[in-house]
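Our numbering numbers the first residue of the sequence shown as 145 and each following residue consecutively. Note that CB positions come from ideal geometry on N, CA and C, so glycine has one too. Below you'll find the structure, written out as structure tokens, and then a few comments.
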Amino acid sequence: MKVMKSKIQNYSIILLLGVMVSQLIACKDWTETEPLEISNPSVEQQNPALYAAYLEDLRAYKKNPHKINMGWFNNAKKNPASQGDHIAKVPDSLDYLVLEYPTALVDRELAEMKDLLEKKQTKVIFEIDFNSIKTAFLKKEDANLVFDTFVKDSIGGIFSDTDKTPYQGIIVSYQGKELLHLNEQERLQVEAEENLFFSLVKPWLDKNSDKALFYKGNPEFLIQKEILKAVDYIVLPTDNVADAGALNYALRSAMVSNVPTDKFIVLASMTSYKADEAKLGYFVDGSRSAIATARWAASVQNGVKIQGVGYKNLAYDYFNVLKSYQYNREAIQITNPSVKIK
């Protein structure tokens with residue numbers, strides 16, 4: 145494993161030098177857009193043989209034990225305005241890419257999904273989120289709408305479309321609620337919602353048992369925790385926490401009976417280049433949450449080995465002056481320090 149990591153590191157150094165040279169040559173042609181984007185020949189074009197060897201080792205590396213890194217990608221734009229709108233341009237060492245708009249993919253997206261999997265063993269997955277569906281129902285403000293029917297139709301519509309797409313896995317997202325302070329009627333409602341949601345996703349899970357399965361939410365709030373035995377990873381919703389102390393709190397809260405502790409992935413948010421999102425992706429001390437969370441996850445916490453990190457708002461990080469996805473690459477490097485990230 146160490147030899148493989150060293151080979152990937154050596155390939156990356158050589159490939160990086162080639163990119164640096166091409167960028168220097170292209171300096172005179174730089175134009176500033178919003179945000180800044182630099183266009184230069186791809187590494188694959190510059191040295192195809194070396195790049196092929198690099199990809200071979202990258203695929204082998206991902207099949208061996210390491211900390212998982214995953215990113216949430218806003219793929220709303222079907223006609224890309226920049227390279228940052230292409231899922232093909234995400235960091236090579238991401239294990240999973242979550243498409244935020246999983247339905248109605250265009251041919252370009254399907255082709256890029258195929259390349260990501262075949263060339264880099266990056267698996268593209270999608271999320272089905274109960275809270276988002278419930279919020280959409282409440283916004284309708286239609287007295288004739290029946291909640292259960294709306295949820296069934298929404299989930300059925302998503303699965304009808306995604307079944308035609310070669311996704312490699314799913315995130316089942318259900319936050320749940322603390323039951324301690326609820327009255328009997330409220331408790332029954334929460335229980336009914338949980339049963340409804342998981343009864344609707346279970347047929348998909350049974351039919352796709354060979355694909356990656358994530359649960360995202362607060363596992364301590366689940367009434368029926370059997371699904372946690374079946375999932376590959378449990379993603380804790382920590383992308384809005386204020387500091388490492390809050391990460392510790394979220395972890396300790398999740399460590400209850402019948403919740404496996406060897407499956408935890410934590411979330412962070414990348415920062416934004418938009419003026420109205422100036423605080424996004426930062427801890428209260430001003431540090432970048434992606435970097436700080438990666439450092440936290442790299443160490444054993446409360447006796448638990450964290451399995452990986454997920455990065456929300458991934459596409460924002462494409463736009464950096466020095467390097468595309470600069471801080472996501474740095475975070476991945478922290479969690480898997482022996483691999484140099486392209």
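Distance between residue j and residue i (C-alpha atoms, nearest Å)
i, j, result
"T309", "K296", "20 angstroms"
"V242", "W216", "5 angstroms"
"S413", "Q451", "17 angstroms"
"K284", "E474", "42 angstroms"
"L282", "P404", "34 angstroms"
"P481", "N352", "33 angstroms"
"L349", "E262", "24 angstroms"
"S317", "L323", "18 angstroms"
"H325", "N464", "46 angstroms"
"A197", "Q189", "14 angstroms"
"Y469", "P209", "24 angstroms"
"K258", "N288", "42 angstroms"
"T266", "A204", "12 angstroms"
"R432", "Q329", "42 angstroms"
"T293", "N191", "55 angstroms"
"R252", "G300", "25 angstroms"
"Q227", "A255", "15 angstroms"
"T437", "D406", "18 angstroms"
"N218", "Y460", "9 angstroms"
"N446", "N402", "17 angstroms"
For residue i, the three-state DSSP class (helix, strand or coil)
i, result
"S343", "helix"
"G215", "strand"
"F365", "helix"
"Y469", "coil"
"V403", "coil"
"V375", "coil"
"S304", "helix"
"I450", "coil"
"V250", "coil"
"G313", "strand"
"F463", "coil"
"K360", "strand"
"K456", "strand"
"L323", "coil"
"Y198", "helix"
"E285", "coil"
"E178", "Note that E178 scores a pLDDT of 41, beneath 50, so its modelled location is shaky; the value from the coordinates is reported in the next line. Looking at E178 - three-state DSSP - the assignment turns out to be coil, as it is neither helix nor strand."
"Q445", "strand"
"F408", "strand"
"I349", "The identity of residue 349 in the sequence shown is Leu, whereas the question assumes Ile. DSSP places L349 in helix when its eight states are reduced to three."
"F427", "coil"
"V205", "Just to set this straight, residue 205 is Tyr in the shown sequence, not Val. Looking at Y205 - three-state DSSP - the assignment turns out to be helix."
Assumed close pair residue i, residue j - CB separation to whole angstroms, cut-off 8 angstroms
i, j, result
"S304", "I277", "S304 to I277, Cβ: 15 angstroms. No contact."
"Q312", "I269", "6 angstroms"
"D376", "A356", "6 angstroms"
"I231", "L260", "7 angstroms"
"I476", "P235", "6 angstroms"
"V250", "K222", "5 angstroms"
"Y245", "A225", "Contact doesn't hold; Cβ gap of about 16 angstroms is too wide."
"D387", "V444", "Their Cβ separation, rounded to whole angstroms, is 19 angstroms, which puts D387 and V444 out of contact at 8 angstroms."
Buried versus exposed call for residue i [16 or more other C-beta atoms within 10 Å across all chains shown]
i, result
"K456", "buried"
"R396", "exposed"
"I367", "exposed"
"K418", "exposed"
"E370", "exposed"
"L458", "buried"
"T306", "buried"
"L466", "exposed"
"V290", "exposed"
"A170", "Low confidence applies here, because A170 scores a pLDDT of 36, under 50, leaving its location unreliable and the question unanswered by this model."
"V187", "buried"
"K211", "buried"
"E271", "buried"
"T279", "exposed"
"A374", "exposed"
"S237", "buried"
C-beta contact flag for residue i and residue j at 8 angstroms
i, j, result
"D229", "N213", "no"
"L411", "G361", "no"
"I302", "T247", "yes"
"A442", "I478", "yes"
"S416", "G425", "yes"
"I508", "Y393", "Here the chain has residues from 145 to 486 only, and residue 508 is not among them."
"L372", "P363", "yes"
"L199", "K264", "yes"
"V345", "F408", "no"
"L391", "V385", "yes"
"K233", "Y471", "no"
"D274", "F341", "Note that residue 274 is Phe in the sequence shown here, rather than Asp. In contact: F274 and F341 (Cβ atoms closer than 8 angstroms)."
"G320", "E335", "no"
Min CB distance residue i to chain D below 8 angstroms
i, result
"K263", "Chain labels in this structure do not include chain D; a single protein chain is all it has."
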